[in-house]
Amino acid sequence: MENRLVRYVDSLIERYPLLAECKNDIITSYDYLEKSYANNHKLLVCGNGGSASDSEHIVGELMKEFKLKRKVYAEQADALMAIDSELGETLAKHLQGALPAITLTAHSSLTTAFMNDSEPVLVFAQQVNGYGKKGDVFLGISTSGNSMNVLYAAVTAKAKGLSVIGLTGYKESKLSKLADVCIRVPETETYKIQELHLPVYHCLCMMLEEHFFSNEN
3 MENRLVRYVD SLIERYPLLA ECKNDIITSY DYLEKSYANN HKLLVCGNGG SASDSEHIVG
63 ELMKEFKLKR KVYAEQADAL MAIDSELGET LAKHLQGALP AITLTAHSSL TTAFMNDSEP
123 VLVFAQQVNG YGKKGDVFLG ISTSGNSMNV LYAAVTAKAK GLSVIGLTGY KESKLSKLAD
183 VCIRVPETET YKIQELHLPV YHCLCMMLEE HFFSNEN
């Protein structure tokens with residue numbers, strides 16, 4: 003990982019000293035995500051309850067500007083203008099660079115239809131089966147690490163050649179054993195775990211944005 007990105011992890015730990023023991027796993031998780039995005043792949047992410055909201059939050063930070071400006075590249079702007087100069091000018095001015103990410107917690111028509119017709123606990127796994135391609139990353143968020151719908155999705159992801167990242171609480175779990183890397187924040191109560199999940203994924207999103215969209219890149 004580039005030295006300029008280490009400062010994000012150091013800042014995170016300065017603000018949340020409890021996360022010091024997660025440093026290596028955060029860096030490893032970043033490395034999986036950077037490699038995937040560098041090879042034109044995407045992130046699939048899911049969780050339940052508050053973690054479902056976290057899933058959508060993560061996608062929002064990746065699919066649009068977070069802290070940095072993400073102007074489209076000149077080549078893309080030229081292509082837009084070549085198709086339609088008026089529409090293309092507006093698109094080139096306002097579109098933002100994106101890191102492709104999909105939350106599996108949305109898509110109400112798809113998920114309710116699948117849950118009605120098949121096995122409801124496989125609702126995330128079904129979407130991984132449809133969206134997932136070798137080289138993508140699956141991020142499963144579960145405070146317990148034992149949420150069955152997240153576990154089924156993780157197994158499906160590994161079978162399809164995706165890297166699997168877990169984001170859980172401190173206790174060892176089925177997800178921590180399945181995942182290629184698992185960030186186990188050092189809390190055991192659900193709300194305290196969730197309070198630490200947010201700064202962790204904000205850190206990852208900022209690091210990715212810095213790498214792919216900073217002027218230094």
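In our numbering, each number is its position in the sequence shown, counted from 1, plus 2. All C-beta atoms, glycine included, are put in the ideal place defined by N, C-alpha and C. It should be emphasised that the depicted structure is a prediction, and the values quoted were computed from it without experimental measurement.
Looking at the structure shown, is residue i part of a helix, part of a strand, or coil, going by DSSP?
| i | result |
| --- | --- |
| leucine 93 | helix |
| glycine 171 | coil |
| phenylalanine 68 | coil |
| alanine 22 | helix |
| threonine 107 | coil |
| serine 216 | coil |
| serine 55 | helix |
| serine 2 | With the chain represented from 3 up to 219, any question about residue 2 goes unanswered, as that position is not in the structure. |
| valine 187 | coil |
Can you tell me whether residue i is buried or exposed? The criterion is at least 16 other CB atoms within 10 Å of its CB, across all chains shown.
| i | result |
| --- | --- |
| serine 165 | buried |
| glycine 134 | buried |
| lysine 136 | exposed |
| asparagine 219 | Low local confidence applies: a pLDDT of 49 at asparagine 219 is under 50, so the model's placement there is unreliable, with the coordinate-based value given in what follows. By the 10 Å Cβ count, asparagine 219 comes out exposed. |
| isoleucine 11 | Residue identity differs from the one stated: residue 11 is valine in this sequence, not isoleucine. Label assigned to valine 11: buried. |
| serine 178 | buried |
| isoleucine 85 | exposed |
| leucine 198 | buried |
So, are the CB atoms of residue i and residue j less than 9 Å apart?
| i | j | result |
| --- | --- | --- |
| isoleucine 143 | serine 57 | yes |
| leucine 141 | leucine 45 | yes |
| serine 216 | leucine 64 | no |
| leucine 107 | threonine 145 | Rather than leucine, the amino acid found at residue 107 in this sequence is threonine. Against a cut-off of 9 Å, the Cβ pair of threonine 145 and threonine 107 comes out as no contact. |
| alanine 161 | phenylalanine 126 | no |
| lysine 176 | asparagine 151 | no |
| glutamine 196 | glycine 52 | yes |
Compute the beta-carbon to beta-carbon distance between residue i and residue j, rounded to the nearest angstrom, for a pair I have assumed lies under 8 Å.
| i | j | result |
| --- | --- | --- |
| valine 47 | threonine 105 | 6 Å |
| leucine 35 | leucine 206 | 7 Å |
| aspartate 138 | histidine 59 | With 8 Å as the limit, aspartate 138 and histidine 59 do not qualify as a contact, their Cβ atoms being about 20 Å apart. |
| tyrosine 203 | proline 188 | Contact flag wrong, Cβ pair sits at about 16 Å. |
| serine 158 | valine 130 | The identity of residue 158 in the sequence shown is threonine, whereas the question assumes serine. Contact flag correct, Cβ pair sits at about 5 Å. |
| alanine 94 | valine 74 | 6 Å |
*Within the chosen definition, does the region 93–102 reach the region 208–216 through at least 3 CB pairs nearer than 8 Å?*
yes
*Segment contact flag, the region 16–25 with the region 70–84, C-beta cutoff 8 Å, min 3 pairs*: no
*State whether the region 174–191 contacts the region 25–36, with contact taken as three or more CB pairs (one from each stretch) at a distance under 8 Å.*
yes
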